[in-house]
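Chemist:
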Amino acid sequence: MRPALAVAGSLNMDFVVSAARLPAPGETVTGHNFHTAPGGKGANQACAAARLSAGRLAVRMIGRCGYDAFGDQLKAGLAAAGADVSGVHAVRAAATGVAMIEVDAEGRNSIVIAPGANAMLSEADMEQMRPVFAASSFVLFQLESPMGTVAAGLRIARDEGAETMLDPAPARALDGEMLRAVDVLTPNESEARILLGREPGEIELHEAAEAARALLKLGPRAVVLKLGHQGAFFFDGSVELFQAGYLVDSVDSTAAGDTFNAGFAVALAEGKGVAEALRFACGAAAISVTRSGAQPSIPSRAEVENFLSTRA
Ligand code: RIB
């Protein structure tokens, strides 16, 4: 049997507008491009895990969508990427989740989501997935599902012997009980600052080790601090590793963090070491920011291997 990886989380249809800059509150700016693209942090991670493992892992998505065209498109896209969508159930009480995304000229975004059916992924669903978690080496979670669901999923996956990875996005403070069920916590800079009760802002490279140490004290077994174009910093209480980011022309950073998480989990699930997993994840994320849209931007494994073969 192939090793397996499961993702429990959101599926959204993204409505994306590009503009020279993001509007301030109350302001209207004229954009220059509009498209829809499959997204949602959970679905992006499942799509990325399937593309990046290229059949070496059985990837399963667990989530909720509506009985509507967006739900059908999102499931079909994931299946085409190679993910098993039998754990994505449609509900009648809500529409498929959507995200309104604005992207500026430097590839930065702002996102508002309407969770819709994602809000109906329940603790009972997590309990039902116990056998799936038991068969998975990694189970990936994010915070676009109800908090009780994420907490139950983490606990059950941990009970069943899977490694748990939590992407604490969208950013919010989390309790210690939830964080103690996390094997790998993967915040970006602003998520890390919010988890630590600090003002939102950036984390400079020279501050990364201190921030990672402080995050580890909150309860996870390891922390990967995602530092955007600067790279990523890993700390598990004994090993400290830094991978510099790859310099690329950024078009759209949407789903770069999701691509990173999937790449890191796929590499570890395949038995690679942490240093190699960080490099693979940073390479995959770097390629994703050179392209528009969430799932359309996620590279294949061959693209990442090719990209990394040209970098030190
Ligand atoms: O992480 C990027 C994702 O966040 C987008 O695809 C959007 O759907 C939101 O969930």
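Number 360 in the working numbering belongs to position 233 of the sequence shown; there are no gaps in the numbering. The beta-carbon is built from N, C-alpha and C at its ideal position, and this holds for glycine as well.
Using a Cβ distance threshold of 8 Å, determine whether the segment 416-426 contacts the segment 169-179, with at least three qualifying pairs required.
Modeler: yes
Chemist: Can you tell me whether MET191 is buried or exposed, with buried defined as 16 or more other CB within 10 angstroms of its CB?
Modeler: For the purposes of this step, residue 191 is taken as the residue at position 64 of the sequence shown. Going by the sequence as given, residue 191 is Arg instead of Met. With 16 or more Cβ atoms within 10 Å of its Cβ, ARG191 is classed as buried.
Chemist: Tell me which residues share the same chain as PHE407 and place their Cβ nearer than 8 Å to its Cβ, disregarding the 5 neighbours each side in the sequence.
Modeler: Against the sequence shown, residue 407 aligns to sequence position 280. The residues are LEU179, GLY390, PHE391, VAL393, ALA394, LYS399, VAL431, LEU435.
Chemist: According to DSSP, is GLY209 part of a helix, a strand, or is it coil?
Modeler: Translated into positions along the sequence shown, residue 209 becomes position 82. Three-state DSSP puts GLY209 in coil, outside helix and strand.
Chemist: From the DSSP secondary-structure annotation, give me the bridge partner or partners of ARG235.
Modeler: On the sequence shown, residue 235 is found 108 positions in, with the first residue counted as 1. The partner list for ARG235 (beta bridge, DSSP) is empty, contrary to what the question assumes.
Chemist: When you compare the CB positions of PHE260 and GLU287, do they come within less than 7 Å of one another, or not?
Modeler: Residue 260 sits at position 133 when you count from the first residue of the sequence shown. Residue 287 sits at position 160 when you count from the first residue of the sequence shown. Contact: yes.
Chemist: Return the residue from the list ARG299, GLY166, LEU354, ALA339 that minimises the CA-CA distance to ILE440.
Modeler: An answer regarding residue 440 cannot be provided, because it is not within the stretch 128 to 439 covered by the chain.
Chemist: How would you call THR155, buried or exposed, if buried means at least 16 neighbouring beta carbons within 10 angstroms?
Modeler: Here residue 155 refers to the residue found at position 28 when the sequence shown is read from its first residue. Exposed, since its Cβ has fewer than 16 Cβ neighbours within 10 Å.
Chemist: Kindly list the residues whose CB is nearer than 7 Å to the CB of LEU322, restricted to its own chain and excluding five residues on each side of it in sequence; keep chain order.
Modeler: Against the sequence shown, residue 322 aligns to sequence position 195. Contacts found: PRO295, ALA300, LEU301, PRO314, LEU342, LEU345.
Chemist: What would DSSP say about SER490, mapped onto helix, strand or coil?
Modeler: It is not possible to answer for residue 490, since the shown part of the chain is limited to 128 through 439.
Chemist: According to DSSP, is ASP141 helix, strand or coil?
Modeler: Locating residue 141 in the sequence shown gives position 14, counting from the first residue. Correct three-state label for ASP141: strand.
Chemist: Does the ligand RIB have even one heavy atom less than 6 Å from the beta-carbon of ILE330?
Modeler: Residue 330 sits at position 203 when you count from the first residue of the sequence shown. Not so, every heavy atom of the ligand RIB lies at least 6 Å from the Cβ.
Chemist: Strictly closer than 7 Å from CB to any heavy atom of the ligand RIB: give me those residues in the order they appear in the chain.
Modeler: SER137, ASN139, ASP141, GLY166, GLY167, LYS168, ASN171, ALA226, ILE228, ILE238, ILE240, GLU271, ALA296, THR381, ALA382, GLY384, ASP385, ALA421
Chemist: What are the start and end residues of the beta strand (DSSP E) that includes GLN255?
Modeler: Here residue 255 refers to the residue found at position 128 of the sequence shown. No beta strand (DSSP E) contains GLN255, which is instead part of the alpha helix (DSSP H) from 250-255.
Chemist: Identify every residue that forms a DSSP beta bridge with CYS192.
Modeler: Position 65 of the sequence shown, counting from 1, holds the residue named residue 192. ALA217, per the DSSP bridge assignment.
Chemist: In whole angstroms, what separates the C-alpha of ALA278 from that of ILE189?
Modeler: If you number the sequence shown from 1, residue 278 lands on position 151. If you number the sequence shown from 1, residue 189 lands on position 62. Their Cα atoms are separated by approximately 15 Å.
Chemist: Would a C-beta distance cut-off of 7 Å place VAL141 and ALA226 closer than the cut-off?
Modeler: Stepping through the sequence shown from its first residue, residue 141 is reached at position 14. Stepping through the sequence shown from its first residue, residue 226 is reached at position 99. Looking at the sequence shown, residue 141 is not Val but Asp. Yes, Cβ-Cβ distance for ASP141 and ALA226 is below 7 Å.
Chemist: State the DSSP-derived secondary structure class of LEU368, mapped to helix, strand or coil.
Modeler: If you number the sequence shown from 1, residue 368 lands on position 241. LEU368: strand per DSSP, three-state reduction.
Chemist: Are VAL144 and GLU229 touching if we call contact CB-CB under 7 Å?
Modeler: Taking the first residue of the sequence shown as position 1, residue 144 is located at position 17. Taking the first residue of the sequence shown as position 1, residue 229 is located at position 102. For VAL144 and GLU229, yes; Cβs fall inside 7 Å.
Chemist: What whole-angstrom Cβ distance do PHE362 and VAL350 have, given they're in contact under 8 Å?
Modeler: On the sequence shown, position 235 is the one that residue 362 refers to. On the sequence shown, position 223 is the one that residue 350 refers to. Contact holds; Cβ gap of about 5 Å.
Chemist: Can you list, in chain order, the residues of its chain with a C-beta nearer than 6 Å to that of ALA207? Leave out the 5 residues immediately preceding and following it.
Modeler: Taking the sequence shown and counting its residues from 1, the one referred to as residue 207 is at position 80. Answer for ALA207: no residue qualifies.
Chemist: Grab the span of the alpha helix (DSSP H) containing LYS168 for me, first residue to last.
Modeler: As a first step, residue 168 must be located in the sequence shown, where it is residue number 41. Its alpha helix (DSSP H) spans residues 168-180.
Chemist: Given a cut-off of 7 Å, decide if LEU132 and LEU205 are closer than it, judged by their beta-carbon atoms.
Modeler: The residue labelled residue 205 in the question sits at position 78 within the sequence shown. The residue labelled residue 132 in the question sits at position 5 within the sequence shown. For the pair LEU205 and LEU132, the CB atoms are not nearer than the 7 Å cut-off.
Chemist: Is ASN245 near SER137, with beta carbons less than 7 Å apart?
Modeler: Residue 245 sits at position 118 when you count from the first residue of the sequence shown. Residue 137 sits at position 10 when you count from the first residue of the sequence shown. Yes.
Chemist: Can you tell me whether GLY136 is helix, strand or coil according to DSSP?
Modeler: Stepping through the sequence shown from its first residue, residue 136 is reached at position 9. DSSP places GLY136 in coil when its eight states are reduced to three.
Chemist: Can you round the beta-carbon distance between SER223 and ASP252 to whole angstroms, since I take them to be within the 8 Å contact cut?
Modeler: Position 96 of the sequence shown, counting from 1, holds the residue named residue 223. Position 125 of the sequence shown, counting from 1, holds the residue named residue 252. It is Thr, not Ser, that sits at residue 223 in the sequence shown. Taking 8 Å as the upper bound for CB-CB distance, THR223 and ASP252 are not in contact here, some 16 Å apart.
Chemist: Please report the Cβ distance between GLY214 and MET256, rounded to the nearest whole angstrom; I am assuming they are in contact, meaning their Cβ atoms lie under 8 Å.
Modeler: By 1-based counting over the sequence shown, the position of residue 214 is 87. By 1-based counting over the sequence shown, the position of residue 256 is 129. Contact flag correct, Cβ pair sits at about 7 Å.
Chemist: Provide the residue span of the beta strand (DSSP E) that contains GLY224, from first to last.
Modeler: On the sequence shown, residue 224 is found 97 positions in, with the first residue counted as 1. Taken as a continuous stretch (DSSP letters only), the beta strand (DSSP E) holding GLY224 covers 224-230.
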